[in-house]
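As numbered in this note's numbering, residues 1 to 305 make up the sequence shown, in order.
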Amino acid sequence: MRRTRKNRTRRLLVRRAVLLLAAAGIVAGVVFGMKTGLGIVREAILAVAPASGVSVSAGSVPELSAADPEGEAVQRLRELSAQEPRLAEIVDDCQSYPEALLDMLSRNLDMLDFVLGYPENKGREPAKSIGEMEPGKVPLLLQYDPRWGYIGYGDSIIAVAGCGPTCLSMVAADLTGDSGITPAVVARYAQEKGYYVENVGTSWSLMSEGCAEFGLQAEELSLSRGVLENALAQGRPVICSMGPGDFTTAGHFIVITGESGGQFSVCDPNSRERSGMLWDYDRLASQIRNLWAFSKEEKKQEIFY
1 MRRTRKNRTR RLLVRRAVLL LAAAGIVAGV VFGMKTGLGI VREAILAVAP ASGVSVSAGS
61 VPELSAADPE GEAVQRLREL SAQEPRLAEI VDDCQSYPEA LLDMLSRNLD MLDFVLGYPE
121 NKGREPAKSI GEMEPGKVPL LLQYDPRWGY IGYGDSIIAV AGCGPTCLSM VAADLTGDSG
181 ITPAVVARYA QEKGYYVENV GTSWSLMSEG CAEFGLQAEE LSLSRGVLEN ALAQGRPVIC
241 SMGPGDFTTA GHFIVITGES GGQFSVCDPN SRERSGMLWD YDRLASQIRN LWAFSKEEKK
301 QEIFY
């Protein structure tokens, strides 16, 4: 109850701040011209949201309501079942699956085995380790991995809404060598410490502040090719908050892991395919809303899990 009141108070303060800033923007529009005033409003809102603990990039987290047999997701899966017969099992029993999960599946068939296992495995105990790691390499972890994807995260599950914790888990595993910092561990910490915002998603402050719980320190970067290349050259992986584009229709987190031949490699917790591609800077930059470079803290505090 105390946390609920705290969250409500936080949201109320944010709304009030945004309204005040909007009023300031209107005044500025009168004085300096409407276009300038609207620009002030937009920048003010983007500045307030992360500071309040609400991510401007995680996107709205869909409620885990049962799929609609006549909905777009089921219709897409029905069409795809001609090439993947196993989808028919899901289509025929679609109301046993969350709408949000089937929407993701219709865009990424790599999730098929995970989704098929949802009715029997939802809420199962997560794995205690991410498994073997290759030293000096950020491991690709998927939010829909059955080892943790069925676990609840806020008002959703890790498979649907856990891109932020999964990215932080990847970075923590790489920099600390601790395979026990799983996406489930990070998600539980984020939820219990208020870094998950109901109906919004993972707060940016999980990256900038919460990472310290896992032996990391973060530096918020300016969006510059040189700055990004320097961070990667220093062995600091970079988590990016992404807007709509190649990676998401709403909001998403990815990890930029390296640079080669002028292009960048990424670990996308929601796509093996995109994780296997190299990306031009300009294409990534146009979708990045914020980014943080990570390094290992010299003095690691007691770990949450």
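In this text, a Cβ means the ideal position worked out from N, Cα and C, and glycines have one as well. It should be emphasised that the depicted structure is a prediction, and the values quoted were computed from it without experimental measurement.
Which of helix, strand or coil DSSP assigns to residue i
i, result
"residue 75", "helix"
"residue 247", "coil"
"residue 191", "helix"
"residue 166", "helix"
"residue 130", "coil"
"residue 216", "strand"
"residue 150", "coil"
"residue 276", "coil"
"residue 289", "strand"
"residue 295", "strand"
"residue 271", "coil"
"residue 66", "strand"
"residue 181", "coil"
"residue 237", "coil"
"residue 262", "coil"
"residue 97", "coil"
Own chain partners of residue i with C-beta closer than 7 Å, once the 5 adjacent residues on each side are dropped
i, result
"residue 141", "130, 166, 169, 170, 183 and 269"
"residue 162", "143, 153, 183 and 187"
"residue 280", "263"
"residue 209", "none"
"residue 146", "114, 117 and 121"
"residue 271", "108"
"residue 173", "130, 133, 139, 179 and 181"
"residue 81", "87, 88 and 91"
"residue 76", "106"
"residue 23", "For residue 23, the predicted model reports a pLDDT of 48, less than 50, meaning its position is unreliable; a value from the coordinates is still stated below. Excluding residues within five positions, none has a Cβ falling inside 7 Å."
Same chain, Cβ closer than 6 Å to residue i, neighbours up to 5 away in sequence not counted
i, result
"residue 286", "none"
"residue 232", "258 and 259"
"residue 155", "198"
"residue 308", "The chain is shown from 1 up to 305; residue 308 falls before or after that span and cannot be answered."
"residue 32", "At residue 32 the pLDDT is 37, less than 50, meaning the model places this residue with poor confidence; the figure from the coordinates comes in the next sentence. None."
Per-residue burial, residue i [other beta carbons within 10 Å of its own, 16 or more giving buried]
i, result
"residue 234", "exposed"
"residue 65", "exposed"
"residue 105", "buried"
"residue 206", "buried"
"residue 241", "buried"
"residue 348", "As displayed, the chain neither begins before 1 nor continues past 305, which places residue 348 out of reach and without an answer."
"residue 98", "buried"
"residue 203", "buried"
"residue 85", "exposed"
"residue 237", "buried"
"residue 276", "exposed"
Pick from the options that is closest to residue i, judged by C-alpha positions
i, options, result
"residue 283", "250, 251, 245 and 174", "245"
"residue 293", "239, 103 and 95", "239"
"residue 110", "278, 124 and 274", "274"
"residue 103", "136, 78 and 124", "78"
"residue 248", "191, 160 and 298", "160"
"residue 227", "256, 298, 192 and 203", "256"
"residue 298", "175, 291, 190 and 267", "175"
"residue 135", "95, 177, 94 and 148", "177"
"residue 123", "112, 149 and 137", "149"
Cβ neighbours of residue i in the same chain (closer than 8 Å, five flanking residues each side left out)
i, result
"residue 243", "57, 251, 287, 288 and 289"
Using 8 Å as the cut-off, can you tell me whether the region 263 to 277 makes contact with the region 211 to 223, which would need three or more C-beta pairs spanning the two stretches below that distance?
no
Measuring CB atoms only, is the region 188 to 205 touching the region 222 to 229, in the sense that at least three cross pairs come out at less than 8 Å?
no
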